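Right, one structure below, let's go through it.
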Amino acid sequence: MKLLIVCLAAVPLFAQVTYERILKSSSEPGNWLTYSGNYAGHRFSPLDQINDRNVQRLRPVWAYQASSLQKFETTPLVIDGIMYISEPPSNVTALDTRTGRPLWKYRRRLPDDLRVCCGQVNRGVAALGDLIYLGTLDGYLVALNAKTGAVHWETKVANYKGGYSITVAPLAVKDKIVIGVAGGEYGVRGLLDAYDAKTGRQAWRFWTIPGPGEPGNETWQGDSWKTGSATTWVTGSYDSETNLIYWGTGNPGPDWNGDVRAGDNLYADCILALDADTGKLKWYFQFTPHDVHDWDATQVPVLFEAEIRGAKRKLVAFPNRNAFYYVLDRTTGQFILGKPYAKQTWAKGLDDSGKPMRVPGTFPTMEGVKVWPAVAGANNWYSPSYSPRTSLLYVAVREAGSTYYIGDAEFKEGERFDGGGFRDVPGEEEYGAVRAFNPATGEMKWEHRLFSPPWAGVLSTAGNLVFHGTHEGQFYALDATTGKPLWRYQAGGAAYSNPISFLSDGKQYVAMTMGNSLYVFGLE
Amino acid sequence: MLWFPALLLLQAVDMPAVGKNPHTTQADIAQGRKLFLGRCAGCHGPGGDGGKGANLATATLSRATDDLSLYRVIRYGIPDTEMPRHLMSEREVWQVAAFVRRLGQVERAALPGDPERGRQLARGKAGCLQCHAIAGEGGHIGPPLTDIGKKRSAAWLRAKLLDAAAEVADEFRTVQLTTRAGQKLSGVRVNEDTWSIQVRDAGGKPHSFWKADVTNLKLDRATLMPSYRGRLSDTELNDIVAYLAGLRGDQ
Chain A
231 MKLLIVCLAA VPLFAQVTYE RILKSSSEPG NWLTYSGNYA GHRFSPLDQI
281 NDRNVQRLRP VWAYQASSLQ KFETTPLVID GIMYISEPPS NVTALDTRTG
331 RPLWKYRRRL PDDLRVCCGQ VNRGVAALGD LIYLGTLDGY LVALNAKTGA
381 VHWETKVANY KGGYSITVAP LAVKDKIVIG VAGGEYGVRG LLDAYDAKTG
431 RQAWRFWTIP GPGEPGNETW QGDSWKTGSA TTWVTGSYDS ETNLIYWGTG
481 NPGPDWNGDV RAGDNLYADC ILALDADTGK LKWYFQFTPH DVHDWDATQV
531 PVLFEAEIRG AKRKLVAFPN RNAFYYVLDR TTGQFILGKP YAKQTWAKGL
581 DDSGKPMRVP GTFPTMEGVK VWPAVAGANN WYSPSYSPRT SLLYVAVREA
631 GSTYYIGDAE FKEGERFDGG GFRDVPGEEE YGAVRAFNPA TGEMKWEHRL
681 FSPPWAGVLS TAGNLVFHGT HEGQFYALDA TTGKPLWRYQ AGGAAYSNPI
731 SFLSDGKQYV AMTMGNSLYV FGLE
Chain B
103 MLWFPALLLL QAVDMPAVGK NPHTTQADIA QGRKLFLGRC AGCHGPGGDG
153 GKGANLATAT LSRATDDLSL YRVIRYGIPD TEMPRHLMSE REVWQVAAFV
203 RRLGQVERAA LPGDPERGRQ LARGKAGCLQ CHAIAGEGGH IGPPLTDIGK
253 KRSAAWLRAK LLDAAAEVAD EFRTVQLTTR AGQKLSGVRV NEDTWSIQVR
303 DAGGKPHSFW KADVTNLKLD RATLMPSYRG RLSDTELNDI VAYLAGLRGD
353 Q
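Here the protein sequences line up with chains A and B, keeping their order.
Quick note on our numbering: the first sequence kicks off at 231 and runs consecutively.
Quick note on our numbering: the second sequence kicks off at 103 and runs consecutively.
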């Protein structure tokens with residue numbers, strides 16, 4: 231009897247989310263423990279109850295309506311039967327996965343003079359131990375009790391009055407919470423931080439723009455490094471073997487006027503490889519030196535292994551907003567290959583080191599200059615997916631161009647600092663697609679064409695399925711091997727997030743926000 | 103960082119601190135003209151007298167009666183219209199606003215036609231009302247003309263009457279399709295997505311099709327509107343233009 235009591239006490243109702251559990255997330259496919267499903271940025275579910283033979287029977291089981299009409303960009307986490315979502319602007323709700331009923335709500339009071347360029351949004355939470363972590367638009371990292379939603383601690387990451395905000399889902403690594411910032415249209419100095427998960431004490435900070443005397447500072451004219459942006463607003467990946475965090479950085483500021491920041495502008499538009507324990511830079515790769523089109527490299531880095539010229543290599547795939555697909559060695563940062571995966575008119579190609587060879591006359595002008603891809607890029611913040619089952623990389627692609635304008639670039643703290651603007655190209659036929667690539671070669675295997683450029687990411691599953699949402703409100707499934715459409719549902723609102731999959735009572739479900747609602751789908 | 107061009111919240115911090123345009127010198131107007139030619143002329147015409155965008159060369163702008171409302175329209179656009187927001191600094195927005203106000207101060211010659219004769223022509227020989235509605239009267243294939251004089255300049259209306267195919271808005275693109283069952287239909291596309299298309303036929307009736315059930319789908323920028331070059335005399339053209347330019351949604 232005594233023994234039994236001890237055993238019961240050791241198995242709490244709320245199992246702790248340990249670092250080891252996230253590391254081995256593929257061994258518990260019923261949960262979705264971290265933003266991309268695993269540390270490798272795969273957004274792949276090993277579940278196969280819902281598959282290419284029965285997906286026709288998929289139906290909405292429940293929906294949860296957000297209380298805000300802002301874009302609903304969250305990736306839910308699911309931990310042992312409870313779903314944790316962020317809601318715009320900076321709120322969290324815990325939902326029972328069987329009924330869709332809320333278990334608790336955290337509602338943050340925000341100042342009314344926030345600095346956000348593109349909507350009061352949030353992309354999700356992180357979980358570690360018995361805490362849930364949220365970044366807020368007023369620049370805080372908040373730790374909430376996973377059982378009750380009560381605030382356990384909160385710590386200020388950056389000053390919103392200086393133009394910073396937080397929209398990114400944090401990443402829990404070992405005993406730390408890694409979090410980035412937004413504010414690339416306000417001339418902030420970008421940073422990536424790690425905090426002690428238990429106490430909220432800062433563990434390290436990496437400034438994404440080197441200060442005077444540090445290597446890279448010379449890539450900024452004069453004092454322009456102080457207002458050069460290079461923000462960190464999309465969740466990165468992690469490899470426990472290299473102990474490196476891979477994180478993309480945003481545009482240099484001001485966005486469209488490069489005249490006031492001559493130079494390559496490091497580390498804007500880069501992928502950074504940082505030591506997870508110290509935040510020290512191991513290597514970096516800059517995709518778009520001296521960017522003048524707002525092509526943030528804020529995509530989710532996808533970690534995979536493949537044979538390159540006869541040798542097995544640890545790699546990272548990066549379908550960049552600038553319309554080039556890149557493969558790098560993720561131990562050293564060495565450039566392996568790069569090629570366009572959507573229409574682009576700004577570079578003749580990449581040289582042997584991966585640097586773009588620019589086409590003259592593509593910089594923004596007062597009269598406006600037409601360039602592909604569009605300001606929103608061939609890809610944006612939403613997630614790609616890699617399926618170890620098909621060995622394919624799935625990317626939601628935007629096919630569009632923009633007219634780019636240069637303008638004033640006068641810095642005033644806390645005010646917009648973008649140096650120009652953009653417009654659609656009149657009469658141009660824009661469209662979108664989900665494309666499947668061999669990640670090692672960049673070769674396209676299939677394409678599913680969409681009516682308009684998408685704003686949502688993809689999920690692939692062991693059921694040979696790829697899930698995605700359109701701008702016209704359909705949530706749909708494709709055959710992961712052939713791209714053939716197998717199922718769809720008109721959910722009534724544009725998709726602005728990434729799907730996930732999980733188990734509830736042993737049954738598989740797929741979740742996705744469409745419009746201002748979160749939908750959960752299961753087999754009839 | 104900027105990732106969603108079409109939507110931007112009105113932010114208190116992004117509105118100017120003053121309600122009156124502080125940038126109205128000759129140099130500001132010259133700079134405003136340069137900005138206007140780059141960003142605005144594509145829709146409003148280099149002289150601001152309208153095109154796809156509204157005629158700005160008028161003494162009053164209904165959406166921008168004072169400086170601050172003009173600032174707001176330029177900076178944030180007009181919801182549910184083709185007028186987008188524009189990313190410009192506060193000073194640049196004011197400079198464009200100063201130039202736009204200047205456009206309205208230029209003396210315009212009166213239109214040569216007789217609007218009453220134009221009214222009769224629109225209902226008779228020209229047949230405008232077969233496809234267009236004016237104040238509830240008429241057809242529904244083309245866009246309503248009830249307040250067309252507010253939206254389009256006389257020069258634009260004349261050009262459209264002479265060459266109807268020159269510019270067709272996205273919401274009035276023509277479709278020809280054949281279904282698997284053999285049904286043929288032509289009309290105007292009213293909506294479309296990856297898997298379906300919605301079409302309004304010549305009688306104004308809406309139809310909806312799954313693309314999987316359509317064997318032949320032709321989407322065109324052609325227009326169903328005839329060109330009136332040679333169909334109307336110069337005098338008649340002047341009359342119709344005078345009539346249409348005077349339609350301001352208030353009769």
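By construction, the Cβ of each residue, glycine as well, lies at the ideal position given by its N, Cα and C atoms.
This structure is a prediction, so every number in the text was calculated from the model and none was measured.
- Taking a cut-off of 8 Å for Cβ pairs, the stretch 267-286 of chain A and the stretch 719-727 of chain A do not touch, as fewer than three such pairs fall below it.
- The continuous stretches of alpha helix (DSSP H) do not include S320(A), and DSSP gives it neither H nor E.
- According to DSSP, T595(A) shares a beta bridge with Y635(A).
- For I180(B), the three-state secondary structure derived from DSSP is coil.
- Non-local beta-carbon contacts of R338(A) in its own chain, meaning distances under 7 Å to residues more than five positions away in sequence, involve S320, N321 and T366 in chain order.
- Under a criterion of Cβ atoms nearer than 9 Å, the residues of chain B adjacent to R653(A) are, in order, P107, R141, G144, P186 and H188.
- Going by beta carbons, V301(B) and H309(B) fall inside the 8 Å limit.
- For the stretch 618-638 of chain A, the set of residues with a beta-carbon nearer than 7 Å to any beta-carbon of chain B comprises Y635, G637 and D638, in chain order.
- The bridge partners DSSP lists for P549(A) are Y555(A).
- Residue nearest to V664(A) within the set R653(A), G651(A), F681(A) and K254(A) is F681(A) (criterion: CA-CA distance).
- Taking a beta-carbon distance threshold of 8 Å, Q704(A) counts as an interface residue toward chain B.
- Think of a sphere of 8 Å around the beta carbon of K136(B): the chain A residues whose beta carbon falls inside it are M596, in chain order.
- The stretch 287-297 of chain B makes contact with the stretch 271-279 of chain B, as at least three CB pairs between them are under 8 Å.
- Beta-bridge partners assigned by DSSP to D709(A): L695(A).
- Annotation note: the stretch 291-328 of chain B contains the following uninterrupted beta strand (DSSP E) runs of length 3 or greater, listed N- to C-terminal: 298-303, 308-312 and 316-322.
- Secondary structure note for V198(B): its alpha helix (DSSP H) is the uninterrupted segment E192 to G206.
- In chain order, G662, H678, R679, L680, F681, S682, T700, E702, Q704, Y706, P715 and R718 make up the part of chain A whose C-beta sits under 9 Å from the C-beta of T296(B).
- Contact with chain A is found for S191(B), since one of that chain's Cβ atoms lies less than 8 Å from the residue's Cβ.
- Counting along the chain, E218(B) sits inside the alpha helix (DSSP H) bounded by residues P217 to R225.
- With at least 16 other beta carbons inside 10 angstroms of its own, N261(A) counts as buried.
- Sixteen is the threshold: since fewer than 16 other Cβ atoms of the shown chains lie within 10 Å of the Cβ of Q295(A), the residue is exposed.
- Any Cβ of chain B closer than 8 Å to the Cβ of P656(A) would place that residue at the interface, and such an atom is present.
- In the structure shown, the three-state DSSP call for F302(A) is coil.
- Less than 8 Å separates the beta-carbon of I312(A) from that of L333(A).
- The DSSP-derived three-state label of H146(B) is helix.
- Neighbourhood of E194(B) in chain A, by CB distance below 8 Å: G637 and D638, in chain order.
- Judged by DSSP secondary structure, N340(B) falls within the alpha helix (DSSP H) whose first and last residues are D336 to A347.
- Contact between V464(A) and W611(A) is confirmed by a C-beta separation of about 5 Å, below the 8 Å threshold.
- At a cut-off of 8 Å, the C-beta of D368(A) has no neighbouring C-beta in chain B.
- Here the stretch 229-245 of chain B makes contact with the stretch 319-327 of chain B; the two share three or more CB pairs at distances below 8 Å.
- Per DSSP, L279(B) is one residue of the beta strand (DSSP E) stretching across T276 to T281.
- Around the beta carbon of T378(A), fewer than 16 other beta carbons sit within 10 angstroms, so the residue counts as exposed.
- S583(A) counts as exposed, since fewer than 16 other C-beta atoms from the protein chains shown sit within 10 angstroms of its C-beta.
- For N268(A), the secondary structure class from DSSP, reduced to helix, strand or coil, is coil.
- Within the stretch 462-474 of chain A, W463 place their CB atoms closer than 8 Å to a CB of chain B, listed in sequence order.
- Per DSSP, reduced to three states, the secondary structure at F667(A) is strand.
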